[in-house]
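Residue numbers (the UniProt record's numbering): 1 to 162.
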């Protein structure tokens, strides 16, 4: 299992957003849920994709007969803001994403950059316009996986025909 998982990243970013906007805990959710209406003034987090930033590094631990493989990974996460404060919240997130405020509050991942907010107003199920602003964030995390590794300390060579 990875040392850092998507679930951990969602939990950490969610806690960050709850603190940043001082909003009720039920208003910040992961992805869209089927057959469930969005909470008022919802903030929705969705990991869109990820890609590797480097070649995997290998670390060897002969005493424990294992090897650890680590790689730096960039994640793009979409944050959707709904409601009357959605535009202001989107701007606040963009301004603070690459600030020490954010780096001090995230530990399993770190911010890289954020795209400018985009207005994505939509028509809801009651045929009414609803405010929605969207921000794409990028962040880096460094998952590690370990596997068994057999090591050879001191080989003995026996010559058959000296």
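Think of the CB as a built atom: it goes at the ideal place given N, C-alpha and C, for glycine as much as any other residue.
| Query | Result |
| --- | --- |
| Exposure of residue 159, with buried meaning 16 or more beta-carbon neighbours within 10 Å | exposed |
| CA-to-CA distance, residue 75 to residue 125, given in whole angstroms | 32 angstroms |
| Outcome for residue 118 when other beta-carbon atoms lying within 10 angstroms are tallied against a minimum of 16 | exposed |
| Continuous beta strand (DSSP E) stretch holding residue 144: start and end | 144 to 148 |
| 4 or more residues per run - each alpha helix (DSSP H) lying fully within the stretch 68 to 113 | 86 to 97, 100 to 103 |
| Same chain, Cβ closer than 6 angstroms to residue 57, five either side skipped, listed in chain order | 70 |
| Residue 191 to residue 41 span [Cα, whole Å] | For the chain, the structure presents residues 1 to 162; residue 191 sits outside this window and is missing. |
| Beta-carbon contacts of residue 32 that lie in its chain and below 7 angstroms, excluding the five residues immediately before and after | 44 |
| Beta carbon of residue 109 nearer than 8 angstroms to that of residue 50 | no |
| At least three beta-carbon pairs within less than 8 angstroms, the stretch 13 to 22 to the stretch 88 to 107 | yes |
| Where the alpha helix (DSSP H) through residue 13 begins and ends | 6 to 21 |
| Extent of the continuous beta strand (DSSP E) run through residue 52 | 43 to 52 |
| Reduced DSSP category for residue 136 - H, G, I as helix; E, B as strand; rest coil | strand |
| Cutoff 7 angstroms; reference residue 112; Cβ partners in own chain excluding five residues on either side | 74, 138, 139, 140 |
| Length of the line joining the Cα atoms of residue 67 and residue 60 | 4 angstroms |
| Close Cβ partners of residue 143 (< 8 angstroms) along its chain, the five nearest in sequence each way excluded | 2, 3, 4, 5, 70, 71, 73 |
| Proximal residues to residue 90 (C-beta, below 6 angstroms), its chain only, five neighbours per side dropped | 81, 117, 133, 135 |
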